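A.B. asks: Pasting in a structure now, in structure tokens, and then I'll have a few things to ask.
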Amino acid sequence: MFFFDFHHHHRQNTFGIYNLNPKETPTENSFSVGIHPKNIGNNWLDNFQEIKTLAQNKHCVAIGECGLDKLVGVDFSLQKKVFLEHIQLANQIGKPLVIHCVRAYSEVVALCKKSTYAVVIHAFNKNQSVAQELLRHGFYLSFGKALLHNVSLHHVVKETPLDKMVLETDAATIDLQMIYEKVADLKSISLDELQRQINKNIETILNK
Numbered sequence: 006m007f008f009f010d011f012h013h014h015h016r017q018n019t020f021g022i023y024n025l026n027p028k029e030t031p032t033e034n035s036f037s038v039g040i041h042p043k044n045i046g047n048n049w050l051d052n053f054q055e056i057k058t059l060a061q062n063k064h065c066v067a068i069g070e071c072g073l074d075k076l077v078g079v080d081f082s083l084q085k086k087v088f089l090e091h092i093q094l095a096n097q098i099g100k101p102l103v104i105h106c107v108r109a110y111s112e113v114v115a116l117c118k119k120s121t122y123a124v125v126i127h128a129f130n131k132n133q134s135v136a137q138e139l140l141r142h143g144f145y146l147s148f149g150k151a152l153l154h155n156v157s158l159h160h161v162v163k164e165t166p167l168d169k170m171v172l173e174t175d176a177a178t179i180d181l182q183m184i185y186e187k188v189a190d191l192k193s194i195s196l197d198e199l200q201r202q203i204n205k206n207i208e209t210i211l212n213k
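Each residue of the sequence shown is one higher than the one before, starting from 6 at the first, in my numbering.
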């Protein structure tokens, strides 16, 4: 049984979406590409030109991870400017956004009103009120390793509609099946049923 890894940093993983470093050679499998908030520097415009080029690659299926992070030492107004460029690029080429967000959910929601394609918050690990606000605005939530040890996140998963979630490993070296099994248990459904629904969600997100 193969489980789709929505967002990962493991180049050898061929069934999922690899988070490509803009300086890397593109993979022959699905990848996303963007500038992480912590990596925004004075040369971000040059880096973004590379993103635009990579986004045209046939294996690029999403833009990101990109977004906003109030804990990194990058000017927040600059972060918003760069994030908006990613949103506009995704709109232009018809691809979804993979979003990194730390303590800036209201700002992400406001900026993503300009998005015309799917938006996914990766590695979601916040409370139910934040989840409800994101879901109300049409976001998808991607759950990962935190689900295995953060008990408070279990309630969020139970309350998140099956058709609005995907699952991921991010940079963790763990068996993705463990995350699928935990969600299936929390949702009181079979692993097969969960896998079928996640695959449907992926098709919807990627416009396939």
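Backbone N, C-alpha and C fix where the C-beta goes; we use that ideal spot for every residue, glycine too.
Please read all numbers here as calculations on a predicted model, not as lab measurements.
Tell me the residue span of the beta strand (DSSP E) that contains His12.
C.D. replies: Taken as a continuous stretch (DSSP letters only), the beta strand (DSSP E) holding His12 covers 10 to 13.
A.B. asks: Extract the residue ranges of the alpha helix (DSSP H) inside the segment 129 to 191, only unbroken runs of 4 or more that lie entirely within it.
C.D. replies: Whole alpha helix (DSSP H) segments, 4+ residues: 133 to 141, 156 to 164.
A.B. asks: Alpha carbons only, please: which of Val77, Ala151, Pro31 is nearest the one belonging to Asn62?
C.D. replies: It is Pro31.
A.B. asks: Where in the segment 57 to 86 do unbroken runs of the beta strand (DSSP E), each at least 3 residues long, occur, reported from the N-terminal end onward?
C.D. replies: 65 to 74, all fully within the segment 57 to 86.
A.B. asks: Looking only at its chain, what residues have a beta carbon closer than 6 Å to the beta carbon of Thr19, apart from the 5 residues adjacent to it on each side?
C.D. replies: So the list reads Asn34, once near-sequence residues are dropped.
A.B. asks: Can you give the Cα-Cα distance for Ala60 and Gly39, rounded to whole angstroms?
C.D. replies: Approximately 9 Å, taken between the alpha carbons.
A.B. asks: Report the residue from Cys117, Val79, Glu173, Lys75 whose alpha carbon sits nearest the alpha carbon of Asn47.
C.D. replies: Closest by alpha carbon: Val79.
A.B. asks: Any idea which residues DSSP pairs Val114 with across the strands?
C.D. replies: Its beta-bridge partners do not exist; DSSP assigns none.
A.B. asks: With H, G and I counted as helix, E and B as strand and the rest as coil, what does DSSP make of His105?
C.D. replies: Here His105 sits in strand by DSSP.
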